[in-house]
Amino acid sequence: MPSPRSRLFDLLIALSVSGLALAELGIGRSPVMVGIGVVMGGALFWRRTRPVATACAVAALGCTQVVLSLSNYDGTVTYLAPCLYDVGVLIAVHAVTKYAARFWQVMAAGVGGVIAAVLASLPAWDGWWRQALMLGAFAVAVWAVGLNARTGRLYAQGLEERAAVLEREQRHLAEAAAAGERARIAREMHDVIAHALAGMIAQVDGAAYAIDGDPAGARKALTAAGDAGRTALAELQGLVGVLREPPEADPHPPHRRPLGSDRVGELADWARGVGLDTTVRVSGDLAGLPVGVALAVHRIVQEALTNVLKHAGPGTRVDIDVARAHGETRIEITDHGRAIREAGPGGHGLAGMRERVAVYGGVFEAGPLPVGWRVLATIPDAP
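Take 15 as the starting number for the sequence shown in this note's numbering and just add one per residue.
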């Protein structure tokens with residue numbers, strides 16, 4: 015659909031050609047010839063939206079002009095009198111070449127050539143060969159200008175379409191990135207909150223059980239539950255801080271400790287504090303792990319211990335084995351409690367661990383043993 019600015023330009027062209035026709039009155043042109051020019055100018059207003067129809071109308075008016083110029087109304091041939099408004103014919107040829115389909119471009123060139131040949135052959139047109147060359151040169155020039163304008167217009171349309179496609183792709187990528195970020199946030203929050211709540215529930219249940227017979231033990235359990243809550247709050251605050259950091263922020267800020275045997279030991283201490291009989295074995299340089307891999311290892315151990323507490327309960331024996339060698343880290347958590355693990359409808363535990371491992375091209379397995387359950391993950395240092 016042409017813009018208002020384009021329609022205004024078309025109107026100016028139509029008025030200009032019609033004005034040239036009216037100017038013919040000053041040199042003695044007949045009113046009929048002037049009327050043809052005015053109508054021709056008006057037809058050019060639709061040259062952009064109806065180029066073929068406009069060209070046909072202009073061609074018909076031009077042929078009428080030629081017939082009237084050659085005839086003296088009594089059948090005698092006089093002379094061919096071109097008019098100022100005949101520039102409208104060239105404008106119509108330009109419009110067909112620029113806005114119409116390729117078939118009509120070829121037709122415009124062919125019909126223009128035929129008309130030029132016919133006019134040049136008329137005996138009333140003195141010096142026909144010079145005028146034929148001039149007319150042909152004008153027609154070729156206008157046709158070439160129109161073809162060039164059409165090529166530029168199609169190129170601009172192609173650029174606009176490609177820009178629109180790129181914009182859609184960028185929007186889809188942004189939506190996918192946002193969805194992935196939401197999933198990552200949900201996974202992190204699940205791991206932090208589920209781990210903390212499982213420990214707090216175990217500690218509070220133990221305190222409720224021991225409050226009458228062992229007040230000191232109950233007080234210790236409640237203190238541990240409070241510590242677990244504060245630790246979870248600190249982790250959530252750290253998570254929010256990560257989300258607020260700009261993309262160019264330092265990926266290894268000094269206030270975040272790298273994963274090492276002490277961090278795995280802290281998880282084992284937490285497990286012992288909530289009643290799990292935990293043994294831990296760490297080998298290799300965990301402190302040298304890439305940050306993302308280190309976080310994945312930490313969360314897998316954390317989530318596996320949380321699952322043992324939720325599904326097997328306090329008193330279950332758990333073995334933690336974390337080993338880094340040959341460019342990969344192997345994490346194995348085995349418990350000797352109940353083998354059944356039933357995931358809730360919105361569970362993120364095993365799925366979250368599997369996703370973490372898949373991000374780095376690792377291998378994840380989780381399943382029952384004859385007695386208990388095993389989680390096994392292998393994560394390469396580099397995907």
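Just so you know, even glycine gets a beta-carbon here, dropped at the ideal spot from N, CA and C. These numbers come from a predicted model, not from an experiment.
Simplified DSSP state of residue i, which is helix, strand or coil
i: Ile225; result: coil
i: Ser20; result: helix
i: Asp219; result: helix
i: Pro265; result: Low local confidence applies: a pLDDT of 44 at Pro265 is under 50, so the model's placement there is unreliable, with the coordinate-based value given in what follows. The answer is coil: DSSP assigns Pro265 none of H, G, I, E or B.
i: Trp143; result: The pLDDT assigned to Trp143 is 48, lower than 50, so where the model puts this residue is not dependable, and the model offers no usable value.
i: Leu29; result: helix
i: Arg64; result: coil
i: Asp333; result: strand
i: Arg295; result: strand
i: Asp241; result: helix
i: Gly386; result: coil
i: Gly102; result: helix
i: Asp283; result: helix
i: Gly351; result: coil
i: Arg370; result: helix
i: Thr90; result: Only weak support exists for where Thr90 lies, its pLDDT of 44 falling under 50; the coordinates are left without a value.
i: Ala115; result: coil
i: Pro394; result: strand
i: Gly381; result: strand
i: Arg43; result: coil
i: Leu34; result: helix
i: Ala326; result: coil
i: Pro260; result: Only weak support exists for where Pro260 lies, its pLDDT of 48 falling under 50; the value from the coordinates is given anyway. It is coil, neither helix nor strand.
Spatially closest choice to residue i from the options, by CA coordinates
i: Ser32; options: Leu82, Arg368, His350 and Gly49; result: Gly49
i: Ala210; options: Gly172, Val311 and Lys324; result: Lys324
i: Cys70; options: Val81, Leu39 and Val107; result: Val107
i: Gly56; options: Thr78, Leu39, Ser30 and Ala74; result: Ser30
i: Val377; options: Asp395, Val294 and Val46; result: Asp395
i: Asp349; options: Met121, Gln184, Pro382 and Pro304; result: Pro382
i: Thr111; options: Leu290, Gln184, Thr68 and Ile393; result: Thr68
i: Gly341; options: Leu281, Gln184 and Gly375; result: Gly375
i: Arg19; options: Val52, Val53, Phe59 and Leu36; result: Phe59
i: Val103; options: Leu36, Ala188 and Met54; result: Met54
i: Ile345; options: Glu379, Thr320 and Gly329; result: Glu379
i: Arg277; options: Lys234, Ala310 and Leu290; result: Ala310
i: Met203; options: Glu317, Ala74 and Gln79; result: Glu317
i: His237; options: Ala74, Ser44 and Gly287; result: Looking at the sequence shown, residue 237 is not His but Thr. The shortest C-alpha separation from Thr237 is found at Gly287.
i: Pro328; options: Val307, Ala232, Ala37 and Ala285; result: Ala285
i: Val305; options: Lys234, Ile393 and Ala197; result: Ile393
i: Val322; options: Glu369, Val294, Ala178 and Trp387; result: Trp387
i: Ser44; options: Val101, Leu82, Arg185 and Pro16; result: Leu82
Buried versus exposed, by CB contacts within 10 Å (16 or more), residue i
i: Asp226; result: exposed
i: Arg338; result: buried
i: Pro229; result: exposed
i: Asp283; result: exposed
i: Ala114; result: buried
i: Tyr223; result: exposed
i: His312; result: buried
i: Arg182; result: exposed
i: Gly358; result: Note that Gly358 scores 47 on pLDDT, short of 50, meaning its location in the model is unreliable; the coordinates nonetheless yield the value given after this. Exposed: under 16 other Cβ atoms inside 10 Å.
i: Val389; result: buried
i: Ala170; result: exposed
i: Thr165; result: exposed
i: Gly279; result: exposed
i: Leu281; result: buried
i: Gly172; result: exposed
i: Arg176; result: exposed
i: Pro265; result: Because the pLDDT at Pro265 is just 44, under 50, the model does not fix this residue reliably, and the point stays unresolved.
Assumed close pair residue i, residue j - CB separation to whole angstroms, cut-off 8 Å
i: Ala372; j: Gly351; result: About 27 Å separates the two Cβ atoms, so there is no contact after all.
i: Thr292; j: Val332; result: 5 Å
i: Ile334; j: Met367; result: Actually they do not touch by this definition, with Cβ atoms about 14 Å apart.
i: Leu290; j: Thr320; result: Not quite, the Cβ-Cβ distance comes to about 10 Å (not below 8 Å), so this is no contact.
i: Ala35; j: Gly51; result: 2 Å
i: Gln79; j: Met47; result: 6 Å
i: Gly220; j: Ala208; result: Not confirmed; about 19 Å, so no contact.
i: Thr343; j: Val307; result: 7 Å
The region 293–307 / the region 241–248 touching (three or more Cβ pairs under 8 Å): Not touching, per the Cβ criterion.
Contact the region 58–67 vs the region 24–31: 3+ CB pairs below 8 Å: At 8 Å Cβ cutoff, the stretches touch.
Inter-stretch contact (C-beta, 8 Å, three-pair minimum) for the region 233–243 and the region 211–225: When C-beta atoms of the region 233–243 are compared with those of the region 211–225, three or more pairs fall below 8 Å, so the two segments count as touching.
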